[in-house]
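Numbering (the working numbering), first residue to last: 21 to 564. Note that the Cβ used here is the ideal one computed from N, Cα and C, for glycine as well. Below is one structure, written out as structure tokens, with a few remarks after it.
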């Protein structure tokens, strides 16, 4: 006869294996671990054989009691079904267990004892079953049959098994609908855990997701009361599931030589199922893990099939959420890009792997500066709101001119605008585009002035300079704030040349003139002395 100990509060169950001495105690390495302060580290010893079940106290501090009477140290006492055995203050009732079949490692069923290579029989204390993860349709189809343990019973029990299978299939349908309504990944994981408790009797559910390539990161772990469960998922099992893409059922993981990790022994895991969460293109997203610490041989092969199907649905939900989050991030990134880049340039940056790095490097660029002439004294006489409104209209028009010619808005500097062409993506003819934008900016300001004149508002004039040459392009700033910009002598020259430009004048360097493929009408200006230049530089003015 086989026996089971069930705690009086119903929270713990332990099946007692025949032919093995089992130590009861508070130590994690105990065969039957009872984490209670009244239980000694090595409290008592249980043994089941042909003569029945016996218990012996091992010199515990708080004693072992049989039906309320303390057992003398070292004296074995025979227990009968229905008896109460108390370790310290933790009571258990002895229950008989009928013979059942267990799974063999090869996939069929084995009797409670199996033959070893030398012909002797050993108890089947631990059986591990693993199945390759198939597609969700096959897993669901497998659930169309009733639990194999039930199907061999009388017709009434078989009917009950079929009803339970239909109920599980209906639950999976509801799961599929429910997971599709989650608004973010965290809410989705919470739902997956709740559904897992609905479909299986388990003590804990945990989900780990693959991040940074293949590293498994714990995302959620809950016990049946809904509390956070700090116990670690055995890495030995999780790694095998991910590497081999198999679902694993262990009836007693702590005693299986293939899963001999200390975390399994320390946590007293009795039975566990671990399934990979496989997304599209056969990519493992993570693992879904359930375990039981109170009883052995709890999970059946039907449970394994069922969890595989459930994991397939959960993986689809997780992958959809990851895609949704990725799309949302990309949309936000594209929205931010359109603030500084022309729409078509922003689109190319977003879809270009090379541009996505946005690393620092030297490259040829065309740099444009425009600066309003006499704006500071004008602003002193204006109402702040009027000044802000005037600048907003001016900047809006200037940025449109830059974007119209595929430029990048680098920054606003007071009443000045800095733009550049060539970084982070070179389109071609950067000097031509920059000069066309400058001429467009002059025409745009002329239209604004005509409009402002009818409204009785001040008129503006600005000077513009364009330079072409090599500059450093990349993210510049601190750890707290970075911005993509261009720096170097090419930029400095353009800035200083802009300071020399008169209102309504576009100046450009000789390097810019040489880079133009379709130059407009230009007029040579006297060479200019600029700060940082040892010799006056040739300068040209656009004839408008």
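Under the three-state DSSP convention, the category residue i falls into
| i | result |
| --- | --- |
| residue 328 | helix |
| residue 340 | helix |
| residue 193 | helix |
| residue 554 | coil |
| residue 258 | helix |
| residue 35 | strand |
| residue 244 | coil |
| residue 402 | coil |
| residue 55 | coil |
| residue 91 | coil |
| residue 29 | coil |
| residue 253 | coil |
| residue 382 | strand |
| residue 206 | helix |
| residue 296 | strand |
| residue 86 | strand |
| residue 449 | coil |
| residue 311 | strand |
| residue 423 | helix |
| residue 387 | strand |
| residue 434 | coil |
Inter-residue Cα distance where the pair is residue i and residue j
| i | j | result |
| --- | --- | --- |
| residue 116 | residue 101 | 6 Å |
| residue 54 | residue 44 | 7 Å |
| residue 138 | residue 39 | With a pLDDT of only 39 at residue 138, under the threshold of 50, the placement of this residue in the model should not be trusted, and no figure is reported. |
| residue 240 | residue 59 | 31 Å |
| residue 227 | residue 308 | 5 Å |
| residue 93 | residue 320 | 40 Å |
| residue 64 | residue 299 | 48 Å |
| residue 524 | residue 545 | 15 Å |
| residue 236 | residue 516 | 55 Å |
| residue 549 | residue 528 | 14 Å |
| residue 414 | residue 423 | 14 Å |
| residue 111 | residue 71 | 23 Å |
| residue 469 | residue 456 | 20 Å |
| residue 481 | residue 489 | 27 Å |
| residue 254 | residue 219 | 22 Å |
| residue 537 | residue 449 | 7 Å |
| residue 349 | residue 206 | 16 Å |
| residue 50 | residue 75 | 15 Å |
Integer Cβ distance of residue i from residue j, believed to fall under 8 Å
| i | j | result |
| --- | --- | --- |
| residue 443 | residue 383 | 6 Å |
| residue 507 | residue 491 | 6 Å |
| residue 23 | residue 42 | So it is not a contact: roughly 11 Å between Cβ atoms. |
| residue 451 | residue 532 | 5 Å |
| residue 391 | residue 483 | 6 Å |
| residue 305 | residue 338 | 5 Å |
| residue 204 | residue 224 | So it is not a contact: roughly 23 Å between Cβ atoms. |
| residue 386 | residue 436 | In fact, because the Cβ distance is near 17 Å, the residues do not count as touching under 8 Å. |
| residue 460 | residue 425 | 7 Å |
| residue 77 | residue 87 | Between residue 87 and residue 77 the Cβ distance is about 14 Å, and since that is not below 8 Å, they are no contact. |
DSSP beta-bridge partners of residue i
| i | result |
| --- | --- |
| residue 565 | Any question about residue 565 goes unanswered here, given that the chain covers just 21 to 564. |
| residue 610 | This structure leaves residue 610 out entirely; the chain is present only between 21 and 564. |
| residue 115 | 24 |
| residue 221 | Per DSSP, none; premise fails for residue 221. |
| residue 545 | 559 |
| residue 566 | The shown model of the chain, from 21 to 564, leaves out residue 566, and the question about it has no answer. |
| residue 74 | 67 and 98 |
| residue 505 | 494 |
| residue 459 | Residue 459 pairs with nothing; no bridge assigned. |
| residue 106 | 85 and 111 |
Spatially closest choice to residue i from the options, by CA coordinates
| i | options | result |
| --- | --- | --- |
| residue 208 | 235, 455 and 344 | 344 |
| residue 553 | 514, 342 and 524 | 514 |
| residue 56 | 71, 74, 80 and 69 | 80 |
| residue 27 | 89, 109 and 205 | 109 |
| residue 16 | 389, 397, 414 and 410 | This structure cannot settle anything about residue 16, because the visible part of the chain is limited to 21 through 564. |
| residue 556 | 547, 331 and 336 | 547 |
| residue 427 | 458, 477, 223 and 412 | 458 |
| residue 192 | 25, 496, 211 and 456 | 211 |
| residue 431 | 336, 218 and 503 | 503 |
| residue 446 | 404, 493 and 270 | 493 |
| residue 551 | 520, 538 and 543 | 520 |
| residue 522 | 437, 257, 46 and 561 | 561 |
| residue 331 | 347, 294 and 530 | 294 |
| residue 512 | 535, 526, 487 and 536 | 487 |
| residue 67 | 84, 86, 498 and 99 | 99 |
| residue 197 | 302, 86, 334 and 538 | 334 |
| residue 421 | 403, 103, 465 and 398 | 465 |
| residue 52 | 96, 85 and 107 | 107 |
| residue 265 | 247, 303 and 246 | 303 |
| residue 400 | 429, 433, 474 and 478 | 478 |
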